[in-house]
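Counting from 1, position 34 in the sequence shown corresponds to residue 39 in our numbering; the numbering is continuous, with no gaps.
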Amino acid sequence: MDDVFDQLMQAIEACAKSEGLTSLAMMGLPDDVRKLLNKMIRKGALPPGDLAGEFGLSAEQTQQLVEQLEAKGFIFSRKRDGDAAIVYQVRLARTRELGASSSNPI
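Structure (structure tokens):
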């Protein structure tokens, strides 16, 4: 498992900082990082214990991983409604909405 963790950490360190991810930005990420973030998108907001189990990492490795992902701007943490547990979620970039004047006729 340490090999997976080391590969993920190296891949994340090589990424540029982001203000949120777009589909295009996701395509440019290293495979391991993209797969990790895609799983997180599908699963929704996850507490550290679920992340550890999902990716086969120790609690310490998971903490290092989320700190690195958060520092790069790929994820954010928040308190979950109901029990106030800390959960992590992928930070998706805002996309510009098309205005009525720029809509294309069909």
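Even for Gly, the Cβ is constructed at its ideal location relative to N, Cα and C.
The continuous stretches of beta strand (DSSP E) do not include SER63, and DSSP gives it neither H nor E. DSSP, reduced to helix, strand and coil, places LEU29 within a helical segment of the structure shown. Under the 8 Å Cβ criterion, the region 83 to 92 does not count as touching the region 27 to 39, having fewer than three qualifying pairs. Per DSSP, ARG47 is not a residue of any beta strand (DSSP E); the alpha helix (DSSP H) it occupies stretches across 36 to 48.
In the structure shown, the three-state DSSP call for PHE10 is helix. If you draw a 10 Å sphere on the C-beta of THR67, you find 16 or more other C-beta atoms in it, and that means buried.
In the DSSP assignment, ARG83 falls within the unbroken beta strand (DSSP E) covering 80 to 84.
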